[in-house]
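So the protein sequences, as listed, match chains A and B. According to my numbering, the first sequence is numbered sequentially starting from 9. According to my numbering, the second sequence is numbered sequentially starting from 9. Contents: one structure, followed by commentary.
Protein chains: 2
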Amino acid sequence: MTSLGGGSGERDGETATASRIRDAAIARFARDGFRAGLRTIAADAGVTAGLIVHHFGSKDGLRRACDEQVLEFMRREKEKALTDGTGTMLLAQMAQVEQFAPMVQYLLRSMQAGGQLAAQLIEHMIGDAEAYLSAGEAAGVVRPSRDRAARTRYLAYQATGSMLLWFTLHGADAEPEKFPVLFRRYMEELALPALELFTEGLLVDRSMLDEYLMYVPDPPSTPDNAADSDGTAS
Amino acid sequence: MTSLGGGSGERDGETATASRIRDAAIARFARDGFRAGLRTIAADAGVTAGLIVHHFGSKDGLRRACDEQVLEFMRREKEKALTDGTGTMLLAQMAQVEQFAPMVQYLLRSMQAGGQLAAQLIEHMIGDAEAYLSAGEAAGVVRPSRDRAARTRYLAYQATGSMLLWFTLHGADAEPEKFPVLFRRYMEELALPALELFTEGLLVDRSMLDEYLMYVPDPPSTPDNAADSDGTAS
DNA sequence: CACCAGATTAAACACTTGTTCAATCACCCG
DNA sequence: CGGGTGATTGAACAAGTGTTTAATCTGGTG
Numbered sequence: 009m010t011s012l013g014g015g016s017g018e019r020d021g022e023t024a025t026a027s028r029i030r031d032a033a034i035a036r037f038a039r040d041g042f043r044a045g046l047r048t049i050a051a052d053a054g055v056t057a058g059l060i061v062h063h064f065g066s067k068d069g070l071r072r073a074c075d076e077q078v079l080e081f082m083r084r085e086k087e088k089a090l091t092d093g094t095g096t097m098l099l100a101q102m103a104q105v106e107q108f109a110p111m112v113q114y115l116l117r118s119m120q121a122g123g124q125l126a127a128q129l130i131e132h133m134i135g136d137a138e139a140y141l142s143a144g145e146a147a148g149v150v151r152p153s154r155d156r157a158a159r160t161r162y163l164a165y166q167a168t169g170s171m172l173l174w175f176t177l178h179g180a181d182a183e184p185e186k187f188p189v190l191f192r193r194y195m196e197e198l199a200l201p202a203l204e205l206f207t208e209g210l211l212v213d214r215s216m217l218d219e220y221l222m223y224v225p226d227p228p229s230t231p232d233n234a235a236d237s238d239g240t241a242s
Numbered sequence: 009m010t011s012l013g014g015g016s017g018e019r020d021g022e023t024a025t026a027s028r029i030r031d032a033a034i035a036r037f038a039r040d041g042f043r044a045g046l047r048t049i050a051a052d053a054g055v056t057a058g059l060i061v062h063h064f065g066s067k068d069g070l071r072r073a074c075d076e077q078v079l080e081f082m083r084r085e086k087e088k089a090l091t092d093g094t095g096t097m098l099l100a101q102m103a104q105v106e107q108f109a110p111m112v113q114y115l116l117r118s119m120q121a122g123g124q125l126a127a128q129l130i131e132h133m134i135g136d137a138e139a140y141l142s143a144g145e146a147a148g149v150v151r152p153s154r155d156r157a158a159r160t161r162y163l164a165y166q167a168t169g170s171m172l173l174w175f176t177l178h179g180a181d182a183e184p185e186k187f188p189v190l191f192r193r194y195m196e197e198l199a200l201p202a203l204e205l206f207t208e209g210l211l212v213d214r215s216m217l218d219e220y221l222m223y224v225p226d227p228p229s230t231p232d233n234a235a236d237s238d239g240t241a242s
């Protein structure tokens, strides 16, 4: 196999070898984490370590190229499938495709490490969830919230974070071929409690919520909360 | 200050220097992650790198000692405060105490890396949540679930995972002194949507849940789900 | 005091890391 | 064919890693 036919081709101004290196790096970073050495990646791509820095400047440059590739891949795929508002479903679908699994795994690794890609991705997901939840509200299937932006962020963090933690603890590090089945297991384990919580809630009465609403002076709409730049300076 | 009076003293059979090294390691691991070098930790503790391996055998031995210390610290603290069933409140309280903040931060690092401590901790939290939710059900304030064990795991992963992700993305790495205020910000941002979701749910009608219950053949109780025996074995 | 065990150190070791450098190779243009 | 340009290599470098080893220091016991 000289080139992966499906997901990853050369970007403009990129030689075939460079993109091969980049793909090998994504796969290796996904498998071993970002502490993987340049020589290992070079061996995967059938080249030398020196050539990598010749093409990408440095290891950090290589990682930036990987980030960009994964992000653009996500952008492309997003239009081909409907999300459930949190991106979890989208990721689950992509992880089933053997070709795309490394990308998803790279993404998880990126979130473990907390890079810029992770932040961008989360913001994307929040944006999608915002649209999705708004549509749901308009259609009358989603309850309105007292603070829509806060709820959107909350749901996105919940969905993504729990998935991240689950994979971290269940050793998604190990064999990449286990990844798709792990993903399915996660979804199966999660579906019922999630649906229960979303349709029926957890608590029987409203006392805790009402107490909180009584206690907190801040009214529903806080425009500066959506930006999340700094917010509370005290 | 020769010894930290509050949280960390010598354990039995441990010299004062050893515990000083261990505490320095916890703080340094919390600050820089587990890739922190032995020489850095040694400098923090005012000793040499060789002495560390003399006392702990290896870097991994040192990390095991740190894990054990943090875990035992958590065990001790757990009895002094009521949890909200997920451990989040407990962590939030502890993070406010300047002395304990490194422990909490070490814990987050441990979950980022996915070690054994993280798995143990999550199991602890799930156990606590189990008891707490059961008590809530008995008291009539928590709705019963069709699969209590699955819901418990789900809630624990949600709470812990979203917190982990939030801190990873909001740069809890940087300044340790920012950690307590970051924690408070997280709780404030989270409280309203969480309470809303827990008391009112997200969806207006039950169609999605009913569809799922119709579609899935598996009845509520799956005994092998509660144990989750294999864990991180690979 | 002599002696020993443990704490502690400084230096070296073997290894990996990312990066640099000069040399070679391949190919395209004139 | 000549020449130049970028791809590519292998070796070297400097810095860092965890670990080992021999030596020194220290304190308690006979």
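Even for Gly, the Cβ is constructed at its ideal location relative to N, Cα and C.
Listed in chain order, the non-local C-beta contacts of A:V112 below 6 angstroms within the same chain comprise L99, M102, A103, local neighbours out to five positions each way being set aside. Here A:R159 is not near B:E145, since their CB atoms are 8 angstroms or more apart.
Approximately 17 angstroms separates the beta-carbon atoms of B:V61 and B:I34; this is outside 8 angstroms, ruling out the contact. Proximity to A:F108 across A:P188, A:R156, A:A73, A:E183 peaks at A:P188, based on C-alpha coordinates.
Beta-bridge pairing by DSSP links B:L211 to A:V150. For the C-beta of B:E197, the chain A residues within less than 8 angstroms are, from N- to C-terminus, A158, R161, Y162, N233. Taking the Cα of A:L190 as reference, the smallest distance to any Cα among A:E87, A:D40, A:E106, A:E219 is reached at A:E106.
The beta-carbon of A:I130 is placed less than 8 angstroms from the nearest beta-carbon of chain B. Per the Cβ contact rule, the stretch 46-63 of chain A is not in contact with the stretch 118-129 of chain A (fewer than 3 Cβ pairs under 8 angstroms).
Within 7 angstroms of the CB of A:E204, the CB atoms of chain B belong to S153, R154, R159, L217, in sequence order along the chain. In this model, A:A143 and B:E87 are separated by some 46 angstroms (Cα to Cα). Listed in chain order, the non-local C-beta contacts of B:A53 below 6 angstroms within the same chain comprise R28, I29, A32, local neighbours out to five positions each way being set aside. Proximity to B:R151 across A:A121, A:L210, A:A202, A:D75 peaks at A:L210, based on C-alpha coordinates.
Around the beta carbon of A:T168, 16 or more other beta carbons lie within 10 angstroms, which makes this residue buried. By the neighbour-count definition (other C-beta atoms within 10 Å, threshold 16), A:D75 is a buried residue.
Beta-carbon to beta-carbon, A:L200 and B:D155 are separated by about 6 angstroms, close enough to satisfy the 8 angstroms threshold. When the beta-carbon positions are compared, A:T207 and B:M216 come within less than 8 angstroms of each other.
Counting of Cβ neighbours within 10 angstroms places A:R192 among the exposed residues, the total staying below 16. For A:Q166, the C-beta contacts it makes with chain B under 7 angstroms involve Q166, S170, in order along the chain.
Taken in chain order, the members of the stretch 101-134 of chain A whose beta-carbon sits within less than 9 angstroms of a beta-carbon on chain B are M119, Q120, A121, G122, A126, A127, I130. For B:F81, the enclosing alpha helix (DSSP H) begins and ends at 67-86. For B:D52, the uninterrupted alpha helix (DSSP H) run begins and ends at 46-53, by DSSP. Around the beta carbon of B:A73, a 10 Å sphere encloses 16 or more other beta carbons of the protein chains shown; the residue is thus reported as buried. B:Q166 is positioned such that its CB atom lies no closer than 8 angstroms to that of A:Q124. Contact annotation for A:Y140 against chain B: no contact, minimum CB-CB distance about 12 angstroms [criterion: below 8 angstroms]. Closer than 8 angstroms to the CB of B:L190 there is not a single CB belonging to chain A. Against chain A, the CB of B:D213 has a partner CB under 8 angstroms away; the residue lies at that interface.
Under the three-state reduction of DSSP output, B:G58 falls in the helix class. A:S66 counts as exposed, since fewer than 16 other C-beta atoms from the protein chains shown sit within 10 angstroms of its C-beta. Distance from the CA atom of B:V55 to the CA atom of B:Q120, rounded to whole angstroms, is 28 angstroms.
In terms of beta-carbon proximity, B:T207 lines the interface with chain A, with at least one pair separated by less than 8 angstroms. At a cut-off of 8 angstroms between C-beta atoms, B:T176 counts as an interface residue with respect to chain A. Here DSSP, grouped into helix, strand and coil, assigns A:R192 to helix.
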